[in-house]
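This report refers to the structure that appears directly beneath it.
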Amino acid sequence: MRIAALRGRETFEIEHAPVPAIGPGEVLVRVVASGVCASELETWQTGPPPGEARHPGHEVSGVVAAAGAEVTEPAVGERVGVWVTERGFAEYVAVRAAYCFPAGDGPLDEALAEPIACSLNAVEAAGARLGDDVVVIGAGFMGNLVQRLSALRGPRRLIVADARADALERAARLGATRAVDVTKESLPDVVRSLTGGRGADVTFECTGTQPALTACGDVTRMSGTIAIVGFHQGADRTVPLSYWNWMAFTIVNAHFRDVGVIMRGMETGMRLLSGGVLSMDGLVSHRFPLEEINAAFVTLRDKPEGFVKAVVTFPQA
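According to the working numbering, the sequence shown holds residues 118 to 434 in order.
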């Protein structure tokens with residue numbers, strides 16, 4: 118099979134490797150799509166140590182090609198979203214059957230169970246309730262997912278902030294109560310005006326940047342919740358902790374490492390997707406064949422107008 122190996126700074130090479138063997142409780146999945154995640158961007162930019170290779174890729178969907186002797190489901194031929202931690206930019210992955218979830222009948226290149234699970238777990242951990250005022254800072258792919266999932270919890274106000282006109286237009290199409298261009302308006306002023314001066318009950322930070330993190334403290338009400346969804350790479354971040362202490366914020370680290378939590382998020386997310394409750398329509402904007410995986414990462418880095426999410430796709434038989 119073909120697999121992408123990161124061999125240097127911003128340099129993937131397409132190599133050949135044996136199709137992975139499967140154990141009694143595993144399935145072999147023929148990959149149809151593998152999402153390009155922002156958490157992998159720094160790894161791509163820095164590259165592995167000299168002489169070594171990395172094999173990233175963890176947002177996989179595909180079709181079950183073979184099943185181990187102890188597997189009762191999923192069946193061969195079933196369309197699934199799966200959880201892997203590496204080697205996802207390949208034509209096949211071996212995965213525990215318990216880590217596969219039915220993808221329904223929609224486009225498999227949109228059935229990205231892992232980021233759906235991350236967003237769902239973030240929304241559930243933040244605990245937004247019916248009638249809450251919710252702010253989402255960042256209208257990229259994860260912000261869009263958080264917005265859509267937050268809307269299912271029945272907020273009174275769902276305010277989305279970003280600096281990109283195309284992202285704000287998309288947030289408005291997705292049903293935001295108000296889309297705020299932070300280059301032209303004061304987000305705290307807008308939030309105060311829409312919440313009677315109180316502030317947001319729940320604020321989601323979905324950019325992984327210092328300005329967005331700072332803004333969370335400026336828009337959230339006393340004893341409100343700040344959920345950190347963005348993946349913060351690079352330099353250390355700072356917050357005015359004395360003020361955050363005084364405001365008695367609940368801080369939710371919306372990154373999850375407990376496998377049980379991840380699995381529940383994937384199962385629930387794929388139930389919503391396959392049941393038509395959650396739509397991924399319009400959230401995958403760029404598709405690349407495996408041979409163009411470096412271009413996929415460049416697109417993620419540069420975020421051209423209209424960019425939401427890039428996926429690497431594989432020909433379907």
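Every residue gets a Cβ at the ideal spot worked out from N, C-alpha and C, and that includes glycine.
None of the values given here were measured: they were computed from a predicted structure.
Exposure of serine 359, with buried meaning 16 or more beta-carbon neighbours within 10 Å: exposed
Phenylalanine 218 versus glycine 386: straight-line alpha-carbon distance, rounded: 9 Å
Paired residues, beta bridge with threonine 128 - DSSP: Gly125
Contacts around alanine 242, its chain only, beta-carbon distance under 7 Å, and the 5 residues preceding and following it disregarded: Ala344, Val369 and Ala371
Cα-Cα separation between threonine 160 and threonine 324, rounded to whole angstroms: 18 Å
Any 3 or more C-beta pairs closer than 8 Å across the region 334-348 and the region 311-324: yes
Cβ pair phenylalanine 206, alanine 121 closer than 8 Å: yes
Integer-rounded CB distance, given that serine 178 should sit under 8 Å from alanine 228: 4 Å
Reduced DSSP secondary structure (H/G/I, E/B, other) of alanine 434: Only weak support exists for where alanine 434 lies, its pLDDT of 49 falling under 50; the value from the coordinates is given anyway. Looking at alanine 434 - three-state DSSP - the assignment turns out to be coil, as it is neither helix nor strand.
Same chain, Cβ closer than 6 Å to glycine 271, five either side skipped, listed in chain order: Leu247
For alanine 150 and aspartate 226, believed in contact at Cβ under 8 Å, the rounded distance: 4 Å
Short Cβ contact (8 Å threshold) for serine 396 with glycine 221: no
Spatial neighbours of alanine 211 in its chain, beta-carbon cut-off 6 Å, leaving aside the 5 residues before and after: Pro137, Ile139, Glu143 and Leu145
Secondary structure, alpha helix (DSSP H): runs of 4+ residues fully inside the region 326-377: 327-336 and 358-364
In DSSP terms, what isoleucine 120 is bridged to: Glu132 and Ala207
Burial state of glycine 423 (16 or more Cβ within 10 Å): exposed
Length of the line joining the Cα atoms of arginine 354 and proline 135: 43 Å
Assigned secondary structure, threonine 320 (DSSP; H/G/I helix, E/B strand, else coil): strand
Alpha-carbon spacing of arginine 287 relative to proline 141, whole angstroms: 45 Å
Proline 432 classed as buried or exposed, judged by whether at least 16 other C-beta atoms fall within 10 angstroms: exposed
Nearest residue (CA-CA) to threonine 331, options Gln350, Gly351, Pro305 and Leu311: Pro305
Endpoints, the alpha helix (DSSP H) within which phenylalanine 258 is located: 258-268
Beta-carbon contacts of alanine 434 that lie in its chain and below 6 Å, excluding the five residues immediately before and after: Here the model assigns alanine 434 a pLDDT of 49, short of 50, so the residue's position is not dependable, and the following value carries that caveat. If we look at alanine 434 and ignore the five residues flanking it on each side, it has no Cβ neighbours.
Nearest-angstrom Cβ-Cβ length linking glycine 382 and alanine 234, presumed shorter than 8 Å: 3 Å
Isoleucine 276: first and last residue of the uninterrupted beta strand (DSSP E) it sits in: 274-279
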